[in-house]
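In the numbering used here, the protein residues as written are 15 to 433. Data first, discussion second: the structure below is written as C-alpha cells.
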C-alpha cells in the first residue's frame, strides 16, 4: 500500500510522545549511548563491533563465580581481571552485580540481613577492583523474573520490597566509597507491570537509591500491532511516566534500557532476520528521541547457540559462527548516523503514526532526515528539498526499513507525492 497524495510539508513540529519526549528542543545526543549485551568479553567479537563503531558492552559478573565458598570475592579472579584488562576500545562497560551465592539462602535472592551484607561486600570488592575501568554498575538482573535468583524456578519471582532493601544498602555503600559511580537499579524484566512490581518498588523507596532506572521492555512476543516498535514503545513510556510522575522527583529519573532484542528462530515468538533488523533499528531511533533514555544495550551481540527451537540461542545480530545477520549491517548505519549527530527529534506529520519522520542536526552543520512506515507492506514517497535556493530534491521510497536523506541545514521534507 502506497501512502500517496499526502503532499505534507514537514518543517519542524515535534511529535507528541509522552512525558519523556523532547518538546521544546531537539534531544541532545551527547549523553546517549548504544551498546550490546555480551556476557563476557570475546576477542573474536572485536572486529565486528569496531567495524560498526559500537564500544559499549554489558557484562555479567556472577557473585558465585568470582568468590570463594563463603562468598568472599577473590580480587585476582579471571572474571574480574578480564574486565580490568579489557582492550582500550571498550568504553565504560556496564557491569551486572548479579545472582546469588550458594552460601546464602541456597544461592537465591539475598533477602535476609546476613545475605544482604555479604552481597554488599561483593559489590564493594568488585567496584574496588574495577573502578579504574568503569563507573557503571547495575544491581542484579531481573529480580522480578522467575529463576533469576539462579536457583530452581520454584523460587518464583522476587518481591520488590526485598529488592528495594538490597538496593538501598548496596547503593549507600557504593556511593560512600566511590561517589563517582553510576549505580543502576531496577533491571526489571519488562517495565515491572506484572503484579504492580514497579509501583510497589517505588513505594518501598527504590528511586531514592539509584542513579538511573534500568528496564528490559521486550515486546517481541506481542501480537499485531503491539509487536510494532511505534506502538509498543510509546505505550511503555506512557505507563512508566504515570508511575514515575506519581513519586516525588520521579519524572526526572534517567532511564537505561539495558536489554531489548528479538530472537530469529522459527517457533513461537520468533521473528525473521529482516524483521529483527527493522524492529531493532526503529526501536533504537525511537528511544533516542526520549531525553530520559540515556542508553540502550541490545540483547545480544552473538547468538549463544544453534539449536533451532531454542529461543535464547538466537537473539544475536551475528550468528554463533560469525555470520552477520541483516541487523548487523542496518544497525551499523544507524550507529554511524547517531555518532555524527548532535541531536535528534521526532517530527510530526499528517499521517499520524503510519509514517515516522525524524530530523538529526549533524556535527558538520548539515541535516539528516530519517523516515519509515509503521505497518507491514505500506510505503511512502519522501522528498527532501535542500540546497541554498531550496531547489534540490532528494527522493526515496520509504518502507518498513528506515531510509536516510542527507541535506543542508533548513531543508524541508515532503511525505507523499512531491508537489
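Heads up, the beta-carbon is just placed ideally off N, CA and C, and yes, glycines get one too.
As computed with DSSP, residue 374 is found in a beta bridge with 358 and 382. Within the model, the alpha-carbon separation for residue 412 versus residue 372 is close to 13 Å. One alpha carbon belongs to residue 158, the other to residue 212, and they sit about 9 Å apart. Annotation note: the stretch 265-310 contains the following uninterrupted beta strand (DSSP E) runs of length 3 or greater, listed N- to C-terminal: 269-271. When DSSP states are grouped into helix, strand and coil, residue 365 belongs to the coil group. For residue 220, there is no enclosing beta strand (DSSP E), as DSSP marks it with neither H nor E. According to the DSSP assignment, residue 420 belongs to the beta strand (DSSP E) that extends over 417-421.
In this structure the stretch 141-151 does not lie against the stretch 124-133, because fewer than three pairs of beta carbons, one per stretch, are closer than 8 Å.
For the pair residue 207 and residue 251, the Cα-to-Cα distance works out to about 12 Å. Under the 10 Å beta carbon count, residue 72 is surrounded by 16 or more other beta carbons and is classified as buried. Around the Cβ of residue 98, a 10 Å sphere holds fewer than 16 other Cβ atoms; the residue is exposed.
Contact check for residue 380 against residue 353 fails: the beta carbons are separated by 8 Å or more. Between residue 385 and residue 420, the alpha-carbon positions lie close to 12 Å from each other.
Taking 8 Å as the cut-off, the beta carbon of residue 315 is found closer than this to the beta carbon of residue 50. Under DSSP, residue 202 takes part in a beta bridge, and its partners are 229. Between the alpha carbons of residue 139 and residue 408 lies a distance of about 56 Å. Classified as exposed, residue 120 has fewer than 16 neighbouring CB atoms from the shown chains inside 10 Å of its CB.
Rounded to the nearest whole angstrom, the C-alpha separation of residue 45 and residue 361 is 21 Å. Between residue 111 and residue 310, the CB-CB gap reaches or exceeds 8 Å.
Taking the Cα positions, residue 125 is about 38 Å away from residue 242.
Here the C-alpha atom of residue 286 lies approximately 12 Å from the C-alpha atom of residue 331. Per DSSP, the unbroken alpha helix (DSSP H) holding residue 244 starts and ends at 243-259.
Straight through space, the alpha carbons of residue 368 and residue 201 are spaced by roughly 32 Å. Note: residue 73 is bridge-paired with 53 and 109 in the DSSP secondary-structure output. The residue from 271, 272 and 289 with its alpha-carbon nearest to that of residue 279 is 289. Cβ neighbours of residue 245 within its own chain (closer than 7 Å, five residues either side excluded): 239. Under the DSSP assignment, residue 151 falls outside any alpha helix (DSSP H), being part of the beta strand (DSSP E) whose first and last residues are 150-153. Its Cα nearest to that of residue 226, the residue 305 stands out among 305, 336, 390 and 350. Note on residue 103: under 16 other CB atoms within 10 angstroms of its CB, so exposed under the neighbour-count rule. Counted as a single uninterrupted DSSP element, the alpha helix (DSSP H) harbouring residue 191 occupies residues 174-191. Counting along the chain, the unbroken alpha helix (DSSP H) around residue 61 starts and ends at 60-65. The three-state secondary structure of residue 123, taken from DSSP, is coil.
Taking C-beta atoms under 8 Å as the contact rule, residue 113 and residue 78 qualify, at a distance of about 7 Å. For the pair residue 398 and residue 301, the Cα-to-Cα distance works out to about 24 Å. By the Cβ neighbour-count rule, residue 230 is buried, with 16 or more other Cβ atoms within 10 Å of its own. Residue 296 is classed as buried because its beta carbon has at least 16 other beta carbons within 10 Å across all chains shown.
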